[in-house]
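Here is the structure we will look at, set down as structure tokens.
Residue numbers (this note's numbering), protein chains in the order written: chain A, -18 to 94; chain B, 2 to 116.
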């Protein structure tokens, strides 16, 4: 079936170091992929989305590359900031008539000084 | 501006009572979703809808009903609330289509406590 896997439940790193949060997916149709960020006591908000033309999306210093060969959409940032501490979800929407959204379990990112 | 509005934002209910959570969207989206979020479980889909008059079961529908009387409104109903339903509930709206990569938009959430 269709699913999203985020292997890390918690990632802790020091400010200034690079960030990489893993996301792999399983899908019967070529999907749209999304990254959401959720700060404490707030709603999930869209951070990035995959494009239909293979452009690499970027926002707030974060970027992600959709690799169809490895079914991955990892989230990366070159230098972590304290304000990046949040819960990050990878999500998938199928391109067919099925309108389900599949979310990973989320990765809690903690950035320390 | 696109928006999803949930009400109430906070609710305290008694065990066995009826609770209705409401969601309104002004985005003209066909699809709407109800999730609950608990520590250690991420976002879990309860019910969703493709359009007015339709409701579909998600992954954890037991103990919940949903109603979509119009394009704009999607309600989640707990007929007999239990303490295990204490959680934060999020509503979202979104589009479908093979060439539309627009992402679902979330409401601000409803914090429900069942005592």
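Backbone N, C-alpha and C define an ideal beta-carbon position, used for all residues, glycine too. Since we're looking at a predicted model, the values are computed, not measured.
Closest Cα partner of residue 23(B) within the set 34(B), 87(B), 15(B), 55(B): 34(B)
Beta-carbon within less than 8 Å of residue 14(B)'s beta-carbon, same chain only, minus the 5 sequence neighbours each way: which residues are those? 20, 79, 82, 113, 114, 115, 116
Confirm, please, whether the CB-CB distance from residue 51(B) to residue 45(B) is below 8 Å. no
Thinking C-alpha only, which one of 75(A), -16(A), 66(A) is nearest residue -8(A)? 66(A)
Is there a Cβ from chain B that is less than 8 Å from the Cβ of residue 3(A)? no
Does the region 4 to 12 of chain B come within contact of the region 39 to 56 of chain A, defined as at least 3 CB pairs closer than 8 Å? no
Name the two residues that bound the continuous beta strand (DSSP E) containing residue 82(A). 82 to 84
Name the chain A residues that come within less than 7 Å of residue 109(B), Cβ to Cβ? 24
Please list, in chain order, all residues of the same chain as residue 105(B) whose beta carbon is under 6 Å from its beta carbon, the five residues on each side excluded. 93, 95
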